[in-house]
Structures are given as C-alpha cells and as structure tokens.
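Counting with my numbering, you get residues 1465 to 1596 for the letters of the sequence shown. The beta carbon of each residue, even a glycine, is placed where N, CA and C say it ideally should be. Quick caveat, the model's predicted, so the values are computed rather than measured. Inspection log for the structure reproduced underneath, given as structure tokens.
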Amino acid sequence: MAPRPRLAWAALGFGLAALASSWNPAAAPLGLAVGLAAAVLAVRALRAGGGRGAAVAGLAAALGAMIISILVLALAAGVGRRAGEGALVSQPSPGEAGAALDEAAAASREARERAKAELERLGPADRKPASN
1465 MAPRPRLAWA ALGFGLAALA SSWNPAAAPL GLAVGLAAAV LAVRALRAGG
1515 GRGAAVAGLA AALGAMIISI LVLALAAGVG RRAGEGALVS QPSPGEAGAA
1565 LDEAAAASRE ARERAKAELE RLGPADRKPA SN
C-alpha cells in the first residue's frame, strides 16, 4: 500500500493555523492546542512515510507555534516582571479622582437642571408608570 501524504499536508495546515493564532494572549491557548494536534499529526505522518517534507514542515510549525504560545501566555501572566515595578495603568490619587468627578459634575450641571425642571413641569399626573 502506498503511503498517503494527506496526513502530512493536514499537519502542515494545522501547524500554520497554530502559528497564526499564537501571537496574542486571547488566542494563544488555541494556538497551543492546535499546535499540539499538528505535532501529533506530523509524527503520525512521519511514521507512515508519506509526504515527508510537508510532515517535517508541519512539525516545525507546530513546535514553533507551541513555543510562541507558551511565551505569550507567560508574558501576559506577568512572568519576568519585577515585584517592585508599578502597575501598567496608574491609579489616580483620591484628590485627582475627586477633581475629575467635580469637573464632570460641573460640565453636566446645566443639563441635569433642565431635566429636573422638565420633570417638575410635567408633574406626577403626566408621568407614565414604568413598564417592565
């Protein structure tokens, strides 16, 4: 029976798909899983003997994707950061937060007063009950 190279080409396709999904933290777990599947397919294709070049390329792509995925996940988890480093996004002090809230209140004061006056003008008889 002649060896079938379809398994090797499938391994290459899965390896390339794993590489494509290994670059960001949201897709890296998928890149790791697909890379593992591609590696298994590539090893099976190498044992079967069909499509050796595609199988080797698929195995290389799968291993590369798994390494990149693990690296991306580790960096996203904070591996390699020093304990004394500050946060990526700084938290405003209570004074800065209060000032920002006061600015926002001042900017919307006129609109809130107009809405309140309109509600008072309508009175309780004109208001419709909220329906669920």
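In angstroms, rounded to a whole number, what distance separates the CA positions of residue i and residue j?
| i | j | result |
| --- | --- | --- |
| Ser-1533 | Leu-1527 | 10 Å |
| Trp-1487 | Leu-1500 | 16 Å |
| Met-1465 | Ala-1491 | Its pLDDT being 43, under 50, Met-1465 is placed unreliably by the model, and the measurement read from it follows with that caveat. Taking the straight line joining both Cα atoms gives about 40 Å. |
| Asp-1566 | Glu-1560 | 10 Å |
| Glu-1584 | Ala-1564 | 29 Å |
| Pro-1469 | Ala-1547 | 51 Å |
| Ser-1572 | Ala-1525 | 56 Å |
| Ala-1568 | Arg-1576 | 12 Å |
| Arg-1522 | Val-1504 | Correcting the residue type first, residue 1522 is Gly in the shown sequence and not Arg. Computed Cα separation, rounded: 10 Å. |
| Ala-1570 | Pro-1556 | 20 Å |
| Gly-1477 | Gly-1544 | 33 Å |
| Leu-1586 | Pro-1558 | 39 Å |
| Ser-1554 | Arg-1578 | 36 Å |
Can you say whether residue i is buried or exposed, counting buried as having 16 or more other CB atoms within 10 angstroms of its CB?
| i | result |
| --- | --- |
| Ala-1475 | buried |
| Ser-1485 | buried |
| Val-1498 | buried |
| Ala-1482 | buried |
| Leu-1539 | exposed |
| Gly-1517 | exposed |
| Leu-1535 | exposed |
| Gly-1495 | buried |
| Ala-1581 | exposed |
| Ala-1509 | buried |
Can you tell me the Cβ-Cβ gap for residue i and residue j, rounded? I've got them flagged as a contact below 8 Å.
| i | j | result |
| --- | --- | --- |
| Ala-1506 | Ala-1519 | 5 Å |
| Gly-1479 | Ala-1529 | 6 Å |
| Ala-1541 | Gly-1514 | The pair is not a contact, with the Cβ atoms about 40 Å apart (cut-off 8 Å). |
| Pro-1489 | Leu-1537 | 7 Å |
Just curious, the alpha helix (DSSP H) that residue i is in, first and last residue?
| i | result |
| --- | --- |
| Gly-1522 | 1516-1541 |
| Val-1553 | It is not in any alpha helix (DSSP H) - Val-1553 carries neither H nor E in the DSSP assignment. |
| Arg-1470 | 1470-1484 |
Got a sec: is the Cβ-Cβ distance from residue i to anything in chain C below 8 Å?
| i | result |
| --- | --- |
| Met-1530 | You won't find chain C in this structure, because it holds only one protein chain. |
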